[in-house]
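In what follows, a structure is listed as structure tokens, so that the remarks can point back to it.
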Ligand SMILES: C[S@@+](CC[C@H](N)C(=O)[O-])C[C@H]1O[C@@H](n2cnc3c(N)ncnc32)[C@H](O)[C@@H]1O
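Numbering (full-length UniProt numbering), first residue to last: 1 to 351.
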């Protein structure tokens, strides 16, 4: 049995905050693994072995037995997958490396963990993974996706979402700042009535807020909601609080009464929600019958996927075949769907 971190970074070279981040991620992943005998594959590039070693240490500290098959699964000749012995309660068989994909244990891997890194740039390889981690910055791992059957009540989501967007907040506008006219055009097309009460959910640094304020006029009300305190701080720093009331809240449980809003604006939100159907239902709850939903992104789905080295999948929440039914189940009627390279815009009405 092997254990420990075989690669950089050594704990000693990290700040306390970075060590805390690793511990939080390891606690989260260890806590998501089912209780019985379970087989886990860690894949996604050169850090797989290091990650599996750290996970093994974490599981053993919890009193779980951990078996580590040797090597990365690449072998001359096609042997069988690792032997997973007759279910010893709480034993985790933990393999690392792409080669094990083709050599699963009998019954397949129970949990596949994919590590996003620059080396493992093929974004499609993470399709079907049960847990996806962003490891572009090796000293700042972030859990980005957890399959619903492992996620319990989604308690992991708030800390991980903040860990992802928080460090990006200060430079968000510098990276994406010239998208302002695209937001304004989309909001024009949504034709929000003068005097409307509108909320931008997942408002980030508030890039849409000036255009939303212009659309509803001085008699209207604009609220910007985000889960990440640093995003709201960045919004205040560039004076976007002048256009809207800014609030820290979770889109999955909004602190608003039923039917309170005439319109909801959501840019770059729906695809980040762990359960998009439940998220869209919560947006429907706070919108009055006949009210509008504006789902926007300042690049089309194909262009965005290409930037991340992925091809589009038909089962993504914003895919044409998926979004209409998702919206219908959540209480919306899809009215407009536009997905050219330079933007994504879907408009829906509250039933
Ligand atoms: C891709 S950014 C988009 C920000 C902004 N809408 C824009 O277009 O620039 C996604 C934002 O949604 C926020 N977010 C993600 N999940 C959220 C949730 N459940 N509730 C509220 N905000 C959330 C993040 O903190 C982040 O600021």
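Here a beta-carbon is modelled for each residue, glycine too, at the ideal position from N, C-alpha and C.
Please read all numbers here as calculations on a predicted model, not as lab measurements.
What do you reckon, are the CB atoms on residue 326 and residue 274 nearer than 9 Å?
-> no
Reduced DSSP category for residue 88 - H, G, I as helix; E, B as strand; rest coil | coil
For residue 93, three-class secondary structure by DSSP = strand
How about residue 273: is its Cβ closer than 8 Å to a heavy atom in ligand 1?
-> yes
In its own chain, which residues sit with a C-beta less than 6 Å from the C-beta of residue 245, not counting the 5 before and 5 after it?
-> Closer than 6 Å at the Cβ level, and outside the excluded window around residue 245, lie 223.
Any heavy atom of ligand 1 closer than 8 Å to the CB of residue 183?
-> yes
Under 9 Å, do residue 166 and residue 247 count as touching if we go by C-beta distance?
-> Not in contact: residue 166 and residue 247 (Cβ atoms no closer than 9 Å).
Given that a residue counts as buried once 16 or more other Cβ atoms are within 10 Å of its Cβ, and exposed if not, what is residue 93?
-> buried
Nearest-angstrom Cα separation, counted from residue 128 out to residue 57 = 26 Å
At 3 residues or longer, and completely inside the segment 130–154: list those beta strand (DSSP E) runs for me, N to C.
-> 131–134 and 142–146
Could you check where the alpha helix (DSSP H) with residue 13 kicks off and where it finishes?
-> No alpha helix (DSSP H) holds residue 13; DSSP gives it neither H nor E.
Counted within 10 angstroms of its Cβ, other Cβ atoms place residue 352 as buried (16 or more) or exposed = There is no way to answer for residue 352, as the model of the chain reaches only from 1 to 351.
Nearest-angstrom Cα distance between residue 177 and residue 331?
-> If you draw a straight line from the Cα of residue 177 to the Cα of residue 331, it is about 33 Å long.
If we call anything under 9 Å between Cβ atoms a contact, is residue 73 one with residue 100?
-> yes
Select from 97, 130, 228 and 161 the residue whose C-alpha is nearest the C-alpha of residue 49.
-> Closest option to residue 49, Cα to Cα, is 97.
Mind checking residue 13: buried by the 16 CB within 10 Å criterion, or exposed?
-> exposed
Pull up the DSSP beta-bridge partners for residue 66, would you.
-> 92
Residues of its chain near residue 198, where Cβ-Cβ distance is below 8 Å and the 5 sequence neighbours each way are ignored = For residue 198, where only same-chain residues beyond five positions count, the Cβ hits under 8 Å are 192, 212, 215, 216, 220, 221, 222, 223, 261, 262, 263, 264 and 265.
Throw me the rounded Cβ distance for the residue 271 and residue 317 pair, which I believe falls under 8 Å.
-> 6 Å
DSSP-derived helix/strand/coil call for residue 158 = helix
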